[in-house]
Amino acid sequence: MTLGHIELFSAEGAVVLLLLLFSLVTWGLGLLKFVQYRLAQRRDRRFRAAFWQQDDVSQTLETSAKQPG
Numbered sequence: 011m012t013l014g015h016i017e018l019f020s021a022e023g024a025v026v027l028l029l030l031l032f033s034l035v036t037w038g039l040g041l042l043k044f045v046q047y048r049l050a051q052r053r054d055r056r057f058r059a060a061f062w063q064q065d066d067v068s069q070t071l072e073t074s075a076k077q078p079g
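If you use our numbering, the sequence shown corresponds to residues 11 to 79, in order.
Shown next, in the form of structure tokens:
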């Protein structure tokens with residue numbers, strides 16, 4: 011089996027497949043971190059909005075305890 015002009019069952023093919031695998035893993039991790047970052051931003055916005063709407067410290071602590079994370 012070949013990929014272009016590289017025989018996949020040779021040492022060169024193994025290196026190409028390994029690089030492809032690591033590339034896919036890297037892109038997957040990057041996408042995961044992007045999603046986590048966006049979720050953290052959304053939670054932060056919600057918390058800050060709730061924080062500034064509170065009138066006293068006890069309400070702020072209750073609001074903070076209800077927030078995930």
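Each residue gets a CB set at the ideal place from its N, CA and C atoms; glycine is no exception.
Would you tell me roughly how many angstroms separate the C-alpha atoms of residue i and residue j, rounded to the nearest one?
| i | j | result |
| --- | --- | --- |
| Val35 | Gln69 | 44 Å |
| Gln46 | Gln77 | 16 Å |
| Asp66 | Ala60 | 12 Å |
| Ala21 | Trp37 | 24 Å |
Using alpha carbons as the reference points, say which of the options lies closest to residue i.
| i | options | result |
| --- | --- | --- |
| Phe57 | Val25, Ser74, Leu29 and Ser20 | Ser74 |
So, residue i versus residue j, is the Cβ gap smaller than 9 Å?
| i | j | result |
| --- | --- | --- |
| Leu18 | Leu27 | yes |
Is residue i near the ligand ZN, judged by its Cβ being under 8 Å from some heavy atom?
| i | result |
| --- | --- |
| Gln46 | Absence of the ligand ZN is noted for the structure shown, with no ligands found whatsoever. |
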